[in-house]
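Asks: Pasting in a structure now, in structure tokens, and then I'll have a few things to ask.
2 protein chains.
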Amino acid sequence: MGLHSNVAALGLETLLAPLQEPMALVEARIQRAIQTDQPHLTEAYQALFSGGKRIRPAVTLLCAGERCATEAPVIALGASLEMLHSATLIHDDIIDRAAVRRGKPTISSTYGADSAILAGDHLFALAAVVVTETRHFEALRVFAETLVTISAGELEQLRRLNCLPSRDDYLRLIHAKTACLFESAALGGALLAGRPTEEVARFARYGRGLGLAFQIADDVLDYVGDADRLGKPTLNDMKRGVLTLPALLLAWDRGLADRTRLPDSLPADELERLIHAVVEGGYVERALELAREYADSAWESVSDLVQGAHADALRALTRFALERVD
Amino acid sequence: MGLHSNVAALGLETLLAPLQEPMALVEARIQRAIQTDQPHLTEAYQALFSGGKRIRPAVTLLCAGERCATEAPVIALGASLEMLHSATLIHDDIIDRAAVRRGKPTISSTYGADSAILAGDHLFALAAVVVTETRHFEALRVFAETLVTISAGELEQLRRLNCLPSRDDYLRLIHAKTACLFESAALGGALLAGRPTEEVARFARYGRGLGLAFQIADDVLDYVGDADRLGKPTLNDMKRGVLTLPALLLAWDRGLADRTRLPDSLPADELERLIHAVVEGGYVERALELAREYADSAWESVSDLVQGAHADALRALTRFALERVD
């Protein structure tokens with residue numbers, strides 16, 4: 012798996028090569044934004060941003076297209092969405108009591124939950140400052156509504172811990188958790204490029220499908236991933252009562268009723284048995300198949316709207332989604 | 012004190028009477044914004060917004076002036092700043108382990124810290140959606156930068172708990188914590204009303220002075236306030252290692268060096284002795300005198316720019332600041 016993932020990472024880098032110039036601009040904008048007069052804080056942000064593959068800004072740049080990708084508003088949107096994403100990670104890591112993020116200690120583990128609450132707020136506010144540089148009200152609204160959706164979704168997920176969601180609930184929750192930000196990244200890029208409304212909607216569908224595929228692939232990695240590759244322990248979700256798609260497919264198959272109450276934590280042997288049933292029942296493959304369908308349909312939404320290296324990259328991202336590179 | 016504070020509250024209401032129509036619009040905008048598809052969440056927000064005197068939106072409306080106070084962008088800014096303020100309170104209450112806010116249980120005490128982190132994010136995001144309705148980029152930037160300042164200031168305060176700040180540090184910290192939001196409220200109102208740059212800067216000074224006066228009065232109430240009136244226990248700040256102005260004035264007088272490290276918590280008898288020294292030394296009055304100076308200079312910044320009932324209300328707010336009504 013190590014070799015395979017290195018090849019994948021190399022492949023992604025190669026395919027995102029057409030974005031080299033605008034991605035460097037996004038990076039510079041982020042680095043400038045996280046300079047503060049509090050050295051510890053800046054260092055903590057630098058550590059956080061030293062990891063991550065910048066998939067979300069890449070989506071923004073690709074959907075803005077070759078002609079617009081280096082324009083200041085597009086760069087600002089890409090940078091602000093990556094910062095928004097990172098701010099949510101700071102707060103997620105408090106809630107998940109996570110010690111490691113992108114291979115580095117989390118802000119909450121180093122500085123405590125109180126500081127991490129404020130650092131997340133601060134980074135979100137910095138992102139909001141950067142996004143005003145788009146000078147595009149609809150883009151600003153999309154930015155703000157993305158955080159509304161993410162935080163509302165996470166609140167709902169917290170409230171439903173250990174509850175069996177229906178298929179619709181599951182899709183809604185992973186849309187809020189992950190796909191919404193990809194949708195905004197794609198939609199925002201297309202919007203700032205001045206594409207017609209109908210095309211903007213199709214790019215939004217691309218982002219949505221890509222994000223759903225990413226999240227499902229992440230669900231699958233909760234079973235089969237290796238900690239080295241992702242820098243986070245596996246079965247993390249299962250252990251804290253968040254059911255991931257393979258187990259859900261099994262539960263739905265067994266006709267478990269919607270909102271069945273599950274025990275707070277499974278004893279090790281039951282967890283072992285459940286994982287065995289999920290893997291042996293082919294549910295991991297079925298989940299991956301669903302991810303593949305979302306990824307394919309994402310690509311089909313925009314395949315006739317893009318050309319050349321950008322088209323290759325947009326298509327490649329849908330394949331990388333299935334490997335959950337970030 | 013109870014009777015006195017009722018009179019004060021009645022007086023404030025009377026003086027803010029010219030704002031009745033726009034304040035109702037602000038209220039309606041907030042209520043609409045906090046409707047969610049999660050009943051518990053909406054209820055929690057409704058409880059939070061059932062308290063509070065709406066001083067910040069009142070400042071926005073007054074600085075926008077009679078002609079503009081009911082315009083949609085001004086209403087949106089007023090509502091969004093009150094929501095931003097409330098979002099920071101949700102996170103503050105986690106950090107302060109506060110059980111009560113505005114006479115009601117805090118969100119963190121009812122739903123736990125994890126949900127309160129997400130609710131604060133969510134309410135901040137809702138505020139960011141509302142502020143886009145101003146369709147004024149500078150106002151949007153002011154909004155975002157306000158949260159940058161608030162959260163950076165609180166981070167610094169956390170890092171310096173039990174450290175003796177210098178006079179400059181103290182002023183910078185209370186600007187970040189409180190005055191900055193008043194400054195933005197005043198500046199934003201003047202900006203949206205289309206006032207000339209020089210006047211906008213003077214309204215900003217008004218808000219800043221008003222906010223400094225408010226925070227110093229709050230510092231004083233940490234010594235002399237009654238829990239009934241504010242819905243929060245007194246000596247709250249002192250007990251958690253945040254030094255408030257009367258004690259700081261004493262410390263500076265005694266020539267305690269900048270950044271002197273103080274014990275994590277004072278034993279009850281030492282705390283008692285400190286309070287006695289502060290009160291007997293007249294430091295509470297000296298702090299109030301400083302608050303009065305900021306309040307007076309706030310009013311002087313704009314006294315020749317406003318007329319009639321709005322002028323009366325702007326002036327009255329500077330007096331109410333000294334009683335710390337919210």
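The listed protein sequences derive, respectively, from chains A and B.
Going by my numbering, the first sequence opens with residue 12, and the numbers climb by one from there.
Going by my numbering, the second sequence opens with residue 12, and the numbers climb by one from there.
Note that the Cβ used here is the ideal one computed from N, Cα and C, for glycine as well.
Give the residues from the stretch 294-307 of chain B that approach chain A closer than 9 Å (Cβ to any Cβ), ordered along the chain.
Replies: If the cut-off is 9 Å between Cβ atoms, the stretch 294-307 of chain B has nothing near chain A.
Asks: For a contact meaning CB atoms closer than 8 Å, what does Ile185/B contact in chain A?
Replies: Reading the second sequence from its first residue, position 174 is the one you call residue 185/B. Within chain A, no residue comes near Ile185/B; the closest Cβ sits about 16 Å away, beyond 8 Å.
Asks: Where Ala201/B and Cys74/B are concerned, what is the direct C-alpha to C-alpha distance, given to the nearest angstrom?
Replies: Here residue 201/B is taken as the residue at index 190 of the second sequence, counted from 1. Here residue 74/B is taken as the residue at index 63 of the second sequence, counted from 1. Those two C-alpha atoms are separated by around 5 Å.
Asks: Given that Phe193/A touches chain B, what residues does it touch there, using C-beta distances under 8 Å?
Replies: In the first sequence, counting from the first residue as 1, residue 193/A sits at position 182. Result: empty, since nearest Cβ-Cβ is about 17 Å, beyond 8 Å.
Asks: Chain A partners of Asp125/B, CB-CB under 7 Å?
Replies: Sequence index remark: in the second sequence, residue 125/B carries index 114 (1-based). Per Cβ cutoff of 7 Å: Ile106, Leu169.
Asks: Under three-state DSSP, which class holds Pro257/A?
Replies: Taking the first residue of the first sequence as 1, we reach residue 257/A at position 246. Three-state result, Pro257/A: helix.
Asks: Between Arg216/A and the ligand COA, is there a pair consisting of the residue's CB and a ligand heavy atom that are separated by less than 7 Å?
Replies: Judged by which ligands are present, the structure shown has none, so any question about the ligand COA falls away.
Asks: Return helix, strand or coil for Pro29/A, following the three-state DSSP convention.
Replies: Taking the first residue of the first sequence as position 1, residue 29/A is located at position 18. It is helical.
Asks: I want to verify the contact list: residues of chain B whose CB lies under 7 Å from the CB of Thr47/A, in sequence order.
Replies: Sequence index remark: in the first sequence, residue 47/A carries index 36 (1-based). In chain order: Ala163.
Asks: What number of angstroms, rounded off, separates the C-alpha of Lys115/B from the C-alpha of Ile66/B?
Replies: Your numbering for residue 115/B matches position 104 in the second sequence. Your numbering for residue 66/B matches position 55 in the second sequence. Going by the C-alpha atoms only, they are around 19 Å apart.
Asks: Out of Ile227/A, Arg178/A, Glu149/A, Arg219/A, which has the shortest C-alpha to C-alpha gap to Thr208/A?
Replies: Stepping through the first sequence from its first residue, residue 208/A is reached at position 197. It is Glu149/A.
Asks: Contact criterion: CB-CB distance below 8 Å. Does His96/B meet it with respect to chain A?
Replies: As a first step, residue 96/B is located in the second sequence; it is residue number 85 there, counting from the start. So no, His96/B is outside the interface.
Asks: Does the count of Cβ pairs from the stretch 220-230 of chain B and the stretch 294-308 of chain B closer than 8 Å reach three?
Replies: A contact exists between the stretch 220-230 of chain B and the stretch 294-308 of chain B.
Asks: Relative to the alpha-carbon of Ile128/B, which residue among Arg113/A, Val140/A, Thr121/A, Leu158/A has its alpha-carbon at the smallest distance?
Replies: Looking up residue 128/B in the second sequence gives position 117. Selected option, being the one with the closest Cα: Leu158/A.
Asks: Looking at the C-beta of Leu158/A, does it have a partner C-beta in chain B at a distance below 8 Å?
Replies: Position 147 of the first sequence, counted from the start, is the residue given in the question as residue 158/A. Yes - at least one Cβ of chain B is within 8 Å of the one on Leu158/A.
Asks: Note down the Cα distance separating Ile41/B from Ala139/B, rounded to an integer number of angstroms.
Replies: Against the second sequence, residue 41/B aligns to sequence position 30. Against the second sequence, residue 139/B aligns to sequence position 128. In a straight line, the C-alpha of Ile41/B is about 12 Å away from that of Ala139/B.
Asks: Quick one: Cα of Ala83/B to Cα of Thr71/B, how far?
Replies: Locating residue 83/B in the second sequence gives position 72, where the first residue counts as 1. Locating residue 71/B in the second sequence gives position 60, where the first residue counts as 1. Rounded to whole angstroms, Ala83/B to Thr71/B spans 12 Å at the Cα level.
Asks: Does Thr189/A get closer than 8 Å to chain B when you measure Cβ to Cβ?
Replies: Translated into the one-based positions of the first sequence, residue 189/A becomes position 178. It does not; no Cβ of chain B falls within 8 Å.
Asks: Using a Cβ-Cβ cutoff of less than 6 Å, which residues in the same chain neighbour Leu241/B once the five nearest sequence positions on both sides are dropped?
Replies: One-based indexing of the second sequence puts residue 241/B at position 230. Caution applies to Leu241/B, whose pLDDT of 48 falls short of 50 and renders its modelled position unreliable; the value that the coordinates give is listed next. Answer for Leu241/B: no residue qualifies.
Asks: For the alpha helix (DSSP H) containing Ala216/A, name the first residue and the last one.
Replies: Numbered from its first residue, the first sequence carries residue 216/A at position 205. Note that residue 216/A is Arg in the sequence shown here, rather than Ala. From DSSP, the alpha helix (DSSP H) with Arg216/A extends over 208-235.
Asks: Which residue's Cα is closest to the Cα of Leu221/B: Val313/B, Gln49/B, Glu93/B?
Replies: Counting from 1 along the second sequence, the entry for residue 221/B is found at position 210. When each option's Cα is compared against that of Leu221/B, the closest is Val313/B.
Asks: Near Val317/B, which residues of its chain fall below 6 Å by C-beta distance, leaving aside the five closest residues on each side in sequence?
Replies: Locating residue 317/B in the second sequence gives position 306, where the first residue counts as 1. Answer for Val317/B: Leu325, listed in chain order.
Asks: Name the chain A residues whose beta carbon is nearer than 9 Å to that of Asp248/B?
Replies: For this step, residue 248/B is matched to residue 237 along the second sequence. The contacting residues do not exist; Asp248/B stays about 15 Å from chain A at best.
Asks: Whole-angstrom Cβ separation of Ala110/A and Val141/A, contact assumed at under 8 Å?
Replies: As a working mapping, residue 110/A is identified with position 99 in the first sequence. As a working mapping, residue 141/A is identified with position 130 in the first sequence. Between Val141/A and Ala110/A the Cβ distance is about 29 Å, and since that is not below 8 Å, they are no contact.
Asks: Would you mind reading off the limits of the alpha helix (DSSP H) that contains Pro68/B?
Replies: The count along the second sequence starts at 1 and reaches residue 68/B at position 57. 66-75 is the extent of the alpha helix (DSSP H) around Pro68/B.
Asks: Short of 6 Å in beta carbon distance, which residues of its chain neighbour Ala327/B, apart from the five on each side in sequence? Order them along the chain.
Replies: One-based indexing of the second sequence puts residue 327/B at position 316. Around Ala327/B: Leu26.
Asks: Going by DSSP, which residues form a beta bridge with Val111/A?
Replies: For the purposes of this step, residue 111/A is taken as the residue at position 100 of the first sequence. Per DSSP, Pro116/A.
Asks: Could you pull out every residue in the same chain whose Cβ sits closer than 7 Å to the Cβ of Ile86/B, ignoring the five residues on either side in sequence?
Replies: Numbered from its first residue, the second sequence carries residue 86/B at position 75. Excluding positions up to five away in sequence, the list reads Pro33, Leu36, Val37, Arg40.
Asks: According to DSSP, simplified to helix, strand and coil, what is Cys191/A?
Replies: Along the first sequence, read from residue 1 onward, the residue named residue 191/A stands at position 180. Helix at Cys191/A.
Asks: So the candidates are Ala306/A, Thr143/A, Thr121/A; which of them puts its Cα closest to the Cα of Leu151/B?
Replies: Within the second sequence, residue 151/B is the residue found at index 140, counting from 1. For the residues Ala306/A, Thr143/A, Thr121/A, the minimum Cα distance to Leu151/B belongs to Thr143/A.
Asks: What separation, rounded to the nearest whole angstrom, lies between the Cα atoms of Thr329/A and Asp233/A?
Replies: Within the first sequence, residue 329/A is the residue found at index 318, counting from 1. Within the first sequence, residue 233/A is the residue found at index 222, counting from 1. In a straight line, the C-alpha of Thr329/A is about 20 Å away from that of Asp233/A.
Asks: Report the start-end ranges of each alpha helix (DSSP H) in the stretch 273-321 of chain B that is 4 residues or longer and not cut off at the edges.
Replies: Qualifying alpha helix (DSSP H) stretches, in chain order: 279-291, 294-313.
Asks: Check whether the stretch 47-57 of chain B and the stretch 163-176 of chain B touch, using three or more Cβ-Cβ pairs below 8 Å as the test.
Replies: In short, these stretches do not touch, since the Cβ pair count stays below three.
Asks: Tell me which same chain residues have a C-beta within less than 6 Å of the C-beta of Ser119/B, skipping the five on either side of it?
Replies: Residue mapping note: residue 119/B aligns to position 108 of the second sequence, counting from 1. Asp104, Ile105, Ala127, listed in sequence order.
Asks: Could you give the residue range of the alpha helix (DSSP H) that holds Leu158/B?
Replies: Within the second sequence, numbered from 1, the residue matching residue 158/B stands at position 147. It spans 148-170 - the alpha helix (DSSP H) in which Leu158/B sits, taken as one unbroken run.
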